[in-house]
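There are 2 protein chains.
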Amino acid sequence: MSDRRRQTRTEDVMAAIRAQAAARQLAPGERLPSIRRCAAAMRVSPSTVVEAYDRLAAEGLIRARPGSGFYLTGHGLPPLSLARPAVPRAVDPFWVSRQSLDAEADMLKPGCGWLPAGWMPEAALRRGLRALARGSDAVLADYGSTRGSLPLRRLLLGRFGEEGLHLSPEQLLLTNSGTQAVDLICRFLLQPGDTVLVDDPCYFNFRALLRVHRLRLLSVPRTASGPDLAAFEAVVAAERPRLYITNSALHNPTGASLSPQAAYRVLGIAAAHDMTIVEDDIFADFEPEPSPRLAVLDGLERVIRVGSFSKTLSASVRCGYVAARPDWIEGLVDLQIATSFGGPSPLAAGLVADILASGGYRKHMEEIRRRLAQARRAVAPRLEGLGITPWLMPRGGFYLWCRLPEGADPVRLSHLALAEGVVLAPGNVFSVAQTAGDFMRFNVAQMGEPRVYAVLERALRALRQG
Amino acid sequence: MSDRRRQTRTEDVMAAIRAQAAARQLAPGERLPSIRRCAAAMRVSPSTVVEAYDRLAAEGLIRARPGSGFYLTGHGLPPLSLARPAVPRAVDPFWVSRQSLDAEADMLKPGCGWLPAGWMPEAALRRGLRALARGSDAVLADYGSTRGSLPLRRLLLGRFGEEGLHLSPEQLLLTNSGTQAVDLICRFLLQPGDTVLVDDPCYFNFRALLRVHRLRLLSVPRTASGPDLAAFEAVVAAERPRLYITNSALHNPTGASLSPQAAYRVLGIAAAHDMTIVEDDIFADFEPEPSPRLAVLDGLERVIRVGSFSKTLSASVRCGYVAARPDWIEGLVDLQIATSFGGPSPLAAGLVADILASGGYRKHMEEIRRRLAQARRAVAPRLEGLGITPWLMPRGGFYLWCRLPEGADPVRLSHLALAEGVVLAPGNVFSVAQTAGDFMRFNVAQMGEPRVYAVLERALRALRQG
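So the sequences go chain by chain: Z and F.
Taking full-length UniProt numbering, the leading residue of the first sequence gets 1, the next gets one more, and so forth.
Taking full-length UniProt numbering, the leading residue of the second sequence gets 1, the next gets one more, and so forth.
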């Protein structure tokens with residue numbers, strides 16, 4: 001009998017028992033028919049009944065008493081509740097994350113920060129999982145080493161070497177995610193009350209994360225070529241932040257990349273005031289040609305590089321990394337043990353390494369860049385037609401940071417759109433100084449459906465009409 | 001041509017290019033032979049060369065220039081360095097974790113806190129990975145929902161229901177690990193400087209984790225039936241700890257389980273002084289029959305349940321959980337977004353759910369319990385023969401908490417054993433009050449090799465002879 005057919009028969013037996021329990025034909029505490037009797041009654045093999053009973057026991061509906069058979073517990077399965085309780089929430093930095101992550105399948109998400117699953121290298125992921133299924137039992141079942149998979153670290157170091165950044169494997173630590181990497185760095189370098197500098201606007205989850213650490217947040221306006229340098233120098237000199245957290249390339253949410261002059265000046269100002277920089281390089285591979293990187297210029301003296309594979313390969317395969325001075329990595333290893341007992345799953349790291357090593361990754365990213373360029377060209381005029389104007393046209397990535405028509409409040413727009421099943425990302429969740437009250441971040445990869453524009457148009461009209 | 005054979009040919013081409021680079025037959029900046037020329041020279045198909053070049057480019061050894069071919073970067077691969085720098089380290093709570101996690105394959109680890117990979121349900125893990133490889137692209141590539149996989153939560157709630165603990169799916173949050181669950185709870189409930197109570201001895205990583213949170217640690221002696229109740233009541237009344245973190249069942253490191261009377265008294269004292277309890281239930285499924293659980297008695301009013309699958313299914317599949325009051329879970333969801341951008345990999349949760357639902361899990365754990373009972377019976381007399389005496393014989397699990405022969409210092413013993421490739425777990429890493437200076441924790445599942453006893457005997461002799 002095929003696995004599939006056997007599976008179906010097992011499920012038939014399970015369904016029959018569940019139905020009997022629901023109809024009170026079997027009472028809580030009552031013994032189920034013996035394996036043999038049930039097999040005869042349902043015309044299946046005894047081993048099918050054994051599997052069905054085992055699975056019902058795993059679910060808690062029935063319970064084995066050794067030597068005596070199976071009994072109905074009466075607990076059944078807890079009531080299925082897909083929807084989260086409808087707690088009204090402020091539109092804070094968590095709002096966009098939670099709406100996007102918990103969106104029902106039929107919702108549209110121009111506000112979310114990732115590519116649709118269909119854009120990811122599905123065949124390579126499936127092939128990688130099959131390779132893991134044939135892999136060693138250590139990868140299947142053991143904790144990994146404290147720094148994470150050496151093959152993946154070597155591949156990453158090879159890629160860094162191509163940029164001119166030559167590191168040893170001791171300078172690289174794999175983490176559960178890019179976010180977790182920043183979290184560990186904050187734990188390592190900062191005390192509650194320390195001052196941290198971010199861009200205005202910046203990735204909204206930096207705000208959420210830094211708040212968890214009880215830090216004092218300052219921001220500096222972001223221009224098309226990097227932070228406003230006069231403001232940057234003034235705030236660093238006056239407030240002496242311990243840390244500056246930024247995206248140099250394809251900055252979230254503006255899509256702007258750092259100019260060589262700004263990169264040089266930012267490093268100089270940081271050095272003059274002994275400030276550490278976290279460069280979150282998560283959008284690195286979306287650039288057609290690399291823009292300047294602080295980590296490369298500085299050689300990881302005072303810059304820490306952070307990245308992950310959630311935007312390029314899979315958000316389900318949780319794996320990020322941090323590259324830094326070896327003594328700092330030593331400290332981060334201890335922190336990762338204390339707070340997660342180790343790094344990412346060796347399975348996740350193995351899957352990423354498999355795809356990076358296969359060589360297909362380069363082609364995948366070429367294709368993604370091509371599709372995104374096309375999507376930017378298609379989406380921008382449609383938004384302009386609604387009076388929504390991109391602040392700049394980024395050279396890569398999936399974000400368009402846009403000014404709304406005069407008087408259209410992004411938070412009210414987001415509420416109206418959500419009621420129609422569209423998740424948006426209103427400007428001020430990205431702004432520590434709350435200066436983005438007429439901006440909105442759009443993800444061009446999530447805007448193929450005409451319904452997005454219809455909903456935006458209706459919502460804008462409703463706002464105009466008060 | 002089979003995948004395997006094609007793979008080998010690709011690797012042959014890669015090896016040839018690497019060898020040429022190493023021998024300086026190809027200089028940095030130099031162009032590689034064209035695909036066609038290389039294919040002819042090596043008698044392979046052009047597509048094999050394309051794949052080999054792509055993979056070398058992924059490693060950083062060569063670089064594609066669009067329209068112009070491939071060039072040697074000259075960066076090569078960074079030098080392979082498996083060994084960590086030999087930094088002398090104090091035997092602190094991190095010592096055992098790092099030695100165990102980074103142990104070379106030929107080392108023996110009676111000090112580590114997990115089962116050998118060979119004890120894990122390898123066939124079920126492989127089958128689960130193959131099922132994922134056939135799964136939906138959302139599970140392969142998307143972030144999961146904020147609380148984590150609903151099928152896995154339902155299975156867990158079914159199991160909790162069997163114990164008499166009936167929860168809704170909103171009361172359960174999946175996490176990257178049990179440790180990360182405790183970390184989130186500390187972030188949610190505590191401020192730096194707050195007082196936290198642990199057992200003496202307790203799991204050493206609780207000490208490491210609580211130190212990260214800048215908390216004040218107090219401990220209460222653990223007896224064979226739970227915390228010393230007089231001492232517990234006195235310290236709770238006098239110091240008003242916010243939190244008590246404990247293992248009720250098969251406590252780490254002693255293997256002792258809580259008595260019904262101690263469970264009732266502990267809850268009463270906690271209620272009288274408004275103290276929250278984290279019950280880390282990671283060894284739950286190792287008990288032959290369940291002992292009393294604080295979470296069940298209390299119904300999750302002031303008790304938080306934490307667990308994971310690292311000890312029973314796979315330490316590589318990172319997935320833990322926390323069950324608590326729904327309003328607390330809401331807060332933990334935000335914290336998990338801020339610090340990890342979501343929970344465990346949907347792939348990891350899917351794999352665990354697949355194995356739990358299959359029903360094979362119950363048989364796997366029966367087999368594990370049988371093997372562990374056998375291992376305890378075999379190991380205890382061998383240790384006693386060396387003058388190493390178990391403090392009690394646990395009813396389950398893999399730990400034996402043992403007193404060493406008089407005058408044998410566990411830290412010195414650990415250093416001597418490490419020099420011979422054996423990782424031990426000296427008593428005081430488990431003790432906040434440093435009262436376990438003549439104890440050692442042994443893992444019976446990691447002590448099948450006769451070499452363990454030979455090394456212990458030699459090291460004990462060396463200590464006796466000064």
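Even glycine gets a Cβ: it sits at the ideal position worked out from N, Cα and C.
Checklist line | Other residues of its chain near F/V220: CB distance less than 7 Å, five sequence neighbours each side excluded | finding: Same-chain partners within the cutoff: L197, D199, D200, P227, D228, A231, F232, V235.
Check: Do F/P394 and F/P410 have their C-beta atoms within less than 8 Å of each other?
Finding: no
Margin query: Nearer than 7 Å: is that true of the beta carbon of F/Q20 relative to any heavy atom of the ligand ATP?
Written below: Ligands in the displayed structure: none, and consequently the ligand ATP is not present.
Next item on the list: Indicate the three-state DSSP secondary structure (helix, strand or coil) for F/I282 in the structure shown.
Entry: coil
Item checked: Contact under 8 Å by Cβ, Z/L189 with Z/R242 -> yes
Item checked: Extent of the continuous alpha helix (DSSP H) to which F/W95 belongs -> Note, F/W95: alpha helix (DSSP H), 93-101.
Next item on the list: Indicate whether at least one CB of chain Z lies closer than 8 Å to the CB of F/Q180.
Entry: yes
Notebook entry, point to check: Going along the region 181-197 of chain F in order, which residues come within less than 7 Å of chain Z, judged by CB to CB distance?
Noted result: Across the region 181-197 of chain F, CB contacts with chain Z closer than 7 Å involve D183, R187, P192, in sequence order along the chain.
Check: For a contact meaning CB atoms closer than 8 Å, what does Z/T73 contact in chain F?
Finding: G161, E162
Check: Which word fits Z/E59, buried or exposed, when buried means at least 16 other C-beta atoms lie within 10 angstroms of its C-beta?
Finding: buried
Check: Would F/M120 pass as a contact of F/S314 if the rule is Cβ separation under 8 Å?
Finding: yes
Checklist line | Beta-ladder partner(s) of F/P221, from DSSP | finding: F/D200
Check: Would you report the Cα separation of F/V44 and F/A52, rounded to the nearest angstrom?
Finding: 11 Å
Next item on the list: Please name the residue in F/N247, F/G331, F/I62, F/L424 whose C-alpha comes closest to that of Z/E163.
Entry: Answer by Cα proximity: F/I62.
Next item on the list: Could you say which of Z/A408, Z/A378, Z/R464 lies nearest to Z/A445 if we only look at CA atoms?
Entry: Z/A378
Notebook entry, point to check: By the criterion of Cβ-Cβ separation under 7 Å, what are the contact partners of Z/V317 in chain F?
Noted result: S345, L347
Check: From the beta carbon of Z/S145, is the nearest beta carbon of chain F less than 8 Å away?
Finding: yes
Note to self: Considering only the alpha carbon of each residue, which of F/E170, F/A271, F/R211 lies closest to F/P192?
What the structure shows: Comparing Cα positions, the closest option is F/R211.
Next item on the list: Report the rounded CA-to-CA distance for Z/R464 versus Z/G407, giving the unit in angstroms.
Entry: 8 Å
Check: What are the boundary residues of the alpha helix (DSSP H) that includes Z/A133?
Finding: 122-133
Notebook entry, point to check: Any C-beta of chain Z sitting closer than 8 Å to the C-beta of F/V423?
Noted result: no
Checklist line | Neighbouring residues, chain Z, relative to F/D280 (Cβ below 8 Å) | finding: Going along chain Z, no residue has its Cβ under 8 Å from F/D280, so there is no contact; the nearest lies around 12 Å.
Check: By the criterion of Cβ-Cβ separation under 7 Å, what are the contact partners of F/T339 in chain Z?
Finding: T179, Q180, D183, L209, V212
Item checked: Span of the beta strand (DSSP E), counted from its first residue to its last, around residue 467 of chain F -> Outside the shown range of chain F (1 to 466) lies residue 467 of chain F, about which nothing can therefore be said.
Notebook entry, point to check: How would you call F/R305, buried or exposed, if buried means at least 16 neighbouring beta carbons within 10 angstroms?
Noted result: buried
Notebook entry, point to check: So who's on the other strand from Z/A64, going by DSSP bridges?
Noted result: Z/F70
Check: Checking contacts by CB at 8 Å: is Z/V139 closer than that to chain F?
Finding: Chain F contact via Cβ: present.
Check: Using a C-beta cutoff of 8 Å, does Z/L335 count as contacting chain F?
Finding: Chain F places a beta carbon closer than 8 Å to that of Z/L335, counting this residue as a contact.
Next item on the list: Quick one: list the residues of chain Z neighbouring F/S248, beta-carbon separation under 9 Å, in chain order.
Entry: Here the premise fails: no neighbours, minimum Cβ distance about 20 Å.
Next item on the list: At 9 Å on the CB atoms, spell out the chain Z contacts of F/D54, in chain order.
Entry: S358, G359, G360, Y361, R362, K363
Notebook entry, point to check: Would a C-beta distance cut-off of 8 Å place Z/Q336 and Z/L184 closer than the cut-off?
Noted result: yes
Checklist line | Cutoff 8 Å: Z/E122 Cβ touching any chain F Cβ | finding: yes
Next item on the list: Taking only beta carbons into account, state which residues of the region 397-410 of chain F come closer than 9 Å to chain Z, listed in chain order.
Entry: none
Checklist line | F/L155 - containing alpha helix (DSSP H), residue span | finding: 150-163
Check: So, is the C-beta of Z/N428 closer than 8 Å to a C-beta in chain F?
Finding: No, because no Cβ of chain F sits closer than 8 Å to the Cβ of Z/N428.
Check: Is there a Cβ from chain Z that is less than 8 Å from the Cβ of F/L129?
Finding: Yes, contact with chain Z.
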